[in-house]
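Enquirer: I'd like to ask you about the structure that follows.
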Amino acid sequence: MTTTVLDNIGLLVTNDPTVGEGILGIRRNASVVWQADQIVSVGAAGQLADRRIDAEGRCVLPGFVDSHTHLVFAGDRSDEFAARMAGRAYEAGGIRVSVEATRGATTSELQSLTELRRAEARRAGITTVEIKSGYGLDVANEARCLEIGRGFTADTTFLGAHVVPAEFEGRSDDYVHHVCTDMLQAALPYSRWIDCFCEVGAFDADQSRAVLQAGRDAGLGLRLHANQLGHGPGVQLAVEMGCASADHCTYLSDADIAALAGSDTVATFLPAADFSTRQPYPDARRVIDAGASVAIATNCNPGSSYTTSMSFCIAIAVRDMHMTLEEAVLAATAGGAKALRRSDIGAVKPGMRADLCMLDAPSYTHLVYRPGVPLVRRVFEGGK
Ligand code: NIG
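In structure tokens:
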């Protein structure tokens with residue numbers, strides 16, 4: 062089988078501290094060889110293979126792992142964003158606007174919208190995406206959105222409990238029951254994970270616990286939207302239920318941080334959502350120093366964070382969340398992989414998927430040093 066070498070890499074981030082400098086396991090003047098979709102060796106520049114690609118001294122990283130997105134939706138909510146920039150607060154209820162548009166779109170429209178967003182994310186260096194449902198909110202539309210998502214990733218997440226849809230207004234417990242029964246059954250064939258938006262204006266702790274429990278009983282892994290718009294029970298619940306990830310974590314008490322640090326639940330920060338909803342940025346330093354695992358994801362969605370730019374998220378994390386450059390790069394790669402409980406991605410070493418992101422820059426520092434500049438030169442996904 063043909064082997065390929067990416068040679069003459071000026072600075073290679075391996076995320077394997079046993080083979081290189083610091084937490085990113087940095088190697089200089091390096092090369093990576095892969096066969097089919099798997100890395101077979103990482104070494105000094107000059108390794109031999111059937112096919113050679115010259116990185117010409119550029120920086121190469123593991124492809125970004127975007128562990129939180131809502132890529133399947135129709136419609137536009139830029140007017141809501143403009144109103145927020147003029148001082149209006151973000152509200153969970155805006156989700157219903159996207160639900161209406163998504164229900165009204167044909168399957169092929171939704172499919173091509175998702176394809177465009179996935180391609181945009183790839184150009185931004187993202188080689189793995191998680192995709193949530195959450196803009197269907199009835200049995201047929203949740204299943205439809207998840208089936209579409211499945212065409213792009215194995216990491217699909219059933220988010221029927223995103224908000225109470227208009228037809229269940231004032232009957233949120235009935236809706237939760239519906240999510241936990243008929244909707245979950247329809248979603249199961251296309252889902253790996255279940256999630257719930259635990260927040261004022263969406264679902265309370267008991268409702269969220271019921272959703273997570275139903276998902277677990279059905280064999281799904283657990284994730285939770287937690288502590289996005291204010292302090293609340295989400296993070297503690299995520300830890301109690303053994304969620305792989307508590308997402309947002311914008312408002313964290315000392316007790317929340319202690320709970321995360323004593324658990325296997327990854328604190329996934331979504332800085333572009335805080336940017337776009339004018340929330341304060343979380344202090345990631347406190348979370349990291351306490352010993353919790355962290356990830357950064359784009360949260361690409363039409364309401365709170367319409368971006369596929371992981372570089373933008375990294376830049377905010379470094380500039381405003383007190384993460385070092387290295388911590389932010391690690392969180393957007395290995396951190397995302399941990400949040401998805403994936404051991405085949407997020408690092409550059411033998412046996413891992415050949416998912417690589419080459420920057421048009423000598424170092425990952427440029428991701429933050431040159432904000433807003435599309436620095437991703439080339440992306441390899443499974444060696445292609
Ligand atoms: O993760 N918080 C809940 N879900 C999305 C926002 C969805 C929307 O406003 O459409 C999020 O930010």
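In my numbering, the protein residues as written are 62 to 445. Where a beta carbon is used, it is the ideal one built from N, C-alpha and C, also for glycine.
Whole-angstrom Cβ separation of THR329 and LEU386, contact assumed at under 8 Å?
Expert: No, THR329 and LEU386 are not in contact; Cβ-Cβ is about 19 Å, not under 8 Å.
Enquirer: Considering only residues of the segment 141-197, which uninterrupted beta strand (DSSP E) runs meet the minimum length of 3 residues and lie entirely inside it, listed in chain order?
Expert: Within the segment 141-197, the complete beta strand (DSSP E) runs of at least 3 residues are 187-190.
Enquirer: How do the segment 135-142 and the segment 202-212 stand: do at least 3 beta-carbon pairs fall below 8 Å, yes or no?
Expert: Short answer: they don't touch.
Enquirer: Return the CA-CA distance between ARG232 and GLY295, expressed in angstroms with no decimal places.
Expert: Approximately 21 Å, taken between the alpha carbons.
Enquirer: So, do the segment 118-137 and the segment 412-431 have three or more beta carbon pairs nearer to each other than 8 Å?
Expert: Yes, they touch.
Enquirer: CA-CA distance, GLU228 and SER194?
Expert: Going from the Cα of GLU228 to the Cα of SER194 covers about 18 Å.
Enquirer: Taking only runs that begin and end inside the segment 211-283, name each unbroken alpha helix (DSSP H) of 4 or more residues, in chain order.
Expert: If we require 4 residues or more, the alpha helix (DSSP H) runs fully inside the segment 211-283 come out as 233-239, 245-248, 266-278.
Enquirer: Below 8 Å CB to CB, which residues in the same chain sit around ALA468 once its five sequence neighbours on both sides are set aside?
Expert: Nothing can be reported for residue 468, as the shown portion of the chain is limited to 62 through 445.
Enquirer: Output needed for SER324: all residues of its chain with C-beta closer than 6 Å, excluding positions within five of it in sequence on either side, in chain order.
Expert: VAL300.
Enquirer: For ALA307, name the three-state secondary structure that DSSP assigns.
Expert: Of the three classes helix, strand and coil, the one that applies to ALA307 here is strand, per DSSP.
Enquirer: Would the beta-carbon of ALA247 fall within 9 Å of that of ALA201?
Expert: Yes, these two residues count as a Cβ contact at 9 Å.
Enquirer: Using DSSP with H/G/I as helix, E/B as strand and the rest coil, what is ILE349?
Expert: Note: ILE349 maps to helix in three-state DSSP.
Enquirer: Please name the residue in ALA307, PHE258, ALA334, ARG253 whose C-alpha comes closest to that of LEU281.
Expert: The candidate whose alpha carbon is nearest that of LEU281 is ARG253.
Enquirer: Let's test the definition: count the other Cβ atoms within 10 Å of the Cβ of LEU177 and tell me whether it reaches 16, buried, or not, exposed.
Expert: Exposed, since its Cβ has fewer than 16 Cβ neighbours within 10 Å.
Enquirer: Please classify ALA356: is it buried, with 16 or more other beta-carbons within 10 angstroms of its beta-carbon, or exposed?
Expert: Buried is the call here.
Enquirer: Spatial neighbours of LEU391 within its chain, please: C-beta separation below 8 Å, excluding the five flanking residues on both sides.
Expert: Result list for LEU391: ASN76, ILE84, LEU85, in chain order.
Enquirer: Starting from PRO123, follow its DSSP beta bridges and name the residues at the other end.
Expert: Partner(s): LEU417.
Enquirer: Roughly how far, in whole angstroms, is the beta-carbon of ASP335 from the beta-carbon of TYR342, given that I think they are within contact range, below 8 Å?
Expert: The Cβ separation is near 5 Å, so the contact holds.
Enquirer: Taking 8 Å as the threshold, find out whether the segment 163-183 comes into contact with the segment 93-112 through three or more Cβ pairs.
Expert: Output reads no: the segment 93-112 does not touch the segment 163-183.
Enquirer: Distance, Cα to Cα, ASP265 vs ALA144?
Expert: If I take the Cα positions, the gap works out to 27 Å.
Enquirer: Apart from the five residues on each side of it in sequence, which residues of its chain come closer than 7 Å, Cβ to Cβ, to ILE375?
Expert: Closer than 7 Å at Cβ, skipping near neighbours: ILE357, ALA389, VAL390, ALA393, LEU428, VAL429.
Enquirer: Which same chain residues end up closer than 7 Å to GLY154 when comparing Cβ atoms and leaving out the 5 residues on each side of it in sequence?
Expert: So the qualifying residues of the chain are VAL224, GLY262.
Enquirer: Would you mind reading off the limits of the alpha helix (DSSP H) that contains ALA389?
Expert: Unbroken alpha helix (DSSP H) run through ALA389: 386-391.
Enquirer: Measuring only the C-alpha atoms, how far is ILE114 from ALA398?
Expert: One C-alpha to the other measures close to 26 Å.
Enquirer: Looking at ASP308 and ligand 1, is the gap between the Cβ and the nearest heavy atom below 8 Å?
Expert: Within the cutoff, so yes.
Enquirer: Among VAL409, LEU401, VAL94, whose alpha-carbon lies nearest the alpha-carbon of THR79?
Expert: Residue VAL409 is the option with its Cα nearest to THR79.
Enquirer: Count the other CB atoms, across all protein chains shown, that sit within 10 Å of the CB of ARG184; report buried if there are 16 or more and exposed otherwise.
Expert: Its Cβ having fewer than 16 others within 10 Å, ARG184 is exposed.
Enquirer: For ASN362, which residues does DSSP report across the bridge?
Expert: DSSP lists SER366 as partners of ASN362.
Enquirer: Could you check whether ARG270 and LEU457 sit closer than 9 Å to each other, using their CB atoms as the reference points?
Expert: Residue 457 lies beyond the residue range present for the chain, which begins at 62 and ends at 445; the question has no answer from this structure.
Enquirer: Which one of VAL126, GLY197, ALA110 has the shortest CA to CA distance from ASP405?
Expert: Minimum Cα distance to ASP405 is reached at VAL126.
Enquirer: For THR242, count neighbouring C-beta atoms within 10 Å of its own C-beta (all shown protein chains included) and say buried if the count is 16 or more, exposed if not.
Expert: Classification of THR242: exposed, given that the 10 Å Cβ count is below 16.
Enquirer: Taking 8 Å as the cut-off, is the C-beta of ALA222 nearer than that to any heavy atom in ligand 1?
Expert: The answer is no for ALA222.
Enquirer: Could one say the Cβ of ALA299 lies closer than 9 Å to chain C's Cβ atoms, at least one of them?
Expert: The question asks about chain C, but that chain is absent: this structure has only one protein chain.
Enquirer: With the cut-off set at 9 Å, would you say GLY124 and VAL440 are in Cβ contact?
Expert: Taking 9 Å as the Cβ cut-off, GLY124 and VAL440 qualify as a contacting pair.
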